[in-house]
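Residue numbers (the numbering used here): 26 to 237.
Just so you know, even glycine gets a beta-carbon here, dropped at the ideal spot from N, CA and C.
No experiment lies behind these values; they were computed from the predicted model shown.
To start, the structure itself, in structure tokens.
Below, the structure written as structure tokens:
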């Protein structure tokens, strides 16, 4: 994993990333490579390591046609990208904690007593949270995955564009997910740029940092 970036300078990956809206329609990224990128991006941190990100990869003409009316202001990305990744946050990700922590113990990454303490805390606390809090946690953690995915994609030689301009209230149902459980976070278009995105300006660190 990550063998493809061993000779790359990480700063150049970060600085070289652009938000691309028009992709080369002749470039089709394989399911295997997209799966690899998702696996690499899934090394992102999350609350109690619950990994709440859930991804629907839309890479077929039928899927793109279903998605198109839900991304009215981003149809160019939808139509030209190799794939559109719909990022959701699972508000019931705690249901996977036993599997995650048991595997950690089996692989020697966590002592059994630590697992037991962690599971007791997580399974007694997270289910009692309000839906609003569960959504907030899921969205924050899934955004960490999304940012990491964009950097991973750049390291693979591809371009991305994160989008919030979509019909959030319709997305889960349109793609057969439980609307009560899965919170839409963002959509990421993925492909090879046909037109390079514009270089953008950032505020200097002294304007966004407060030292105390």
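Unbroken alpha helix (DSSP H) run spanning residue i, endpoints
i           : result
residue 72  : It is not in any alpha helix (DSSP H) - residue 72 carries neither H nor E in the DSSP assignment.
residue 233 : 230 to 233
residue 166 : 156 to 180
residue 61  : 56 to 66
residue 184 : Run containing residue 184: none in the alpha helix (DSSP H); it sits in the beta strand (DSSP E), 184 to 188.
residue 88  : 86 to 92
residue 226 : Segment: none, residue 226 is in no alpha helix (DSSP H) and carries neither H nor E.
residue 119 : Counting along the chain, residue 119 falls outside any alpha helix (DSSP H), and DSSP gives it neither H nor E.
residue 102 : 100 to 105
residue 201 : Careful: residue 201 lies outside any alpha helix (DSSP H) and carries neither H nor E.
residue 146 : 137 to 150
Contact belief for residue i with residue j at Cβ below 8 Å, rounded distance in angstroms
i           : j           : result
residue 108 : residue 84  : 4 Å
residue 81  : residue 183 : Not confirmed; about 18 Å, so no contact.
residue 71  : residue 166 : 4 Å
residue 115 : residue 163 : 6 Å
residue 200 : residue 111 : 7 Å
Where residue i falls, given that 16 or more other Cβ within 10 Å makes a residue buried
i           : result
residue 194 : exposed
residue 98  : exposed
residue 78  : buried
residue 68  : exposed
residue 159 : buried
residue 94  : exposed
residue 174 : buried
residue 76  : buried
residue 50  : exposed
residue 105 : buried
residue 235 : exposed
residue 230 : exposed
residue 60  : exposed
Contacts around residue i, its chain only, beta-carbon distance under 7 Å, and the 5 residues preceding and following it disregarded
i           : result
residue 74  : 125
residue 144 : 122, 123, 126
residue 217 : 48, 49, 52, 183, 184
First through last residue of the beta strand (DSSP E) which encompasses residue i
i           : result
residue 216 : 207 to 216
residue 114 : 108 to 115
Proximity test, Cβ basis, 8 Å: residue i and chain E
i           : result
residue 171 : In summary, chain E is missing from the structure at hand, where a single protein chain is found.
Spatial neighbours of residue i in its chain, beta-carbon cut-off 6 Å, leaving aside the 5 residues before and after
i           : result
residue 102 : 46, 186, 214
residue 149 : none
residue 66  : 170, 173, 174, 177
Residues that DSSP places opposite residue i in a beta bridge
i          : result
residue 48 : 218
residue 79 : 113
Chain-order list of residues whose beta-carbon lies under 8 Å from that of residue i (same chain, five-residue window excluded)
i           : result
residue 127 : 140
residue 203 : 197
residue 188 : 96, 99, 102, 211, 212, 213, 214
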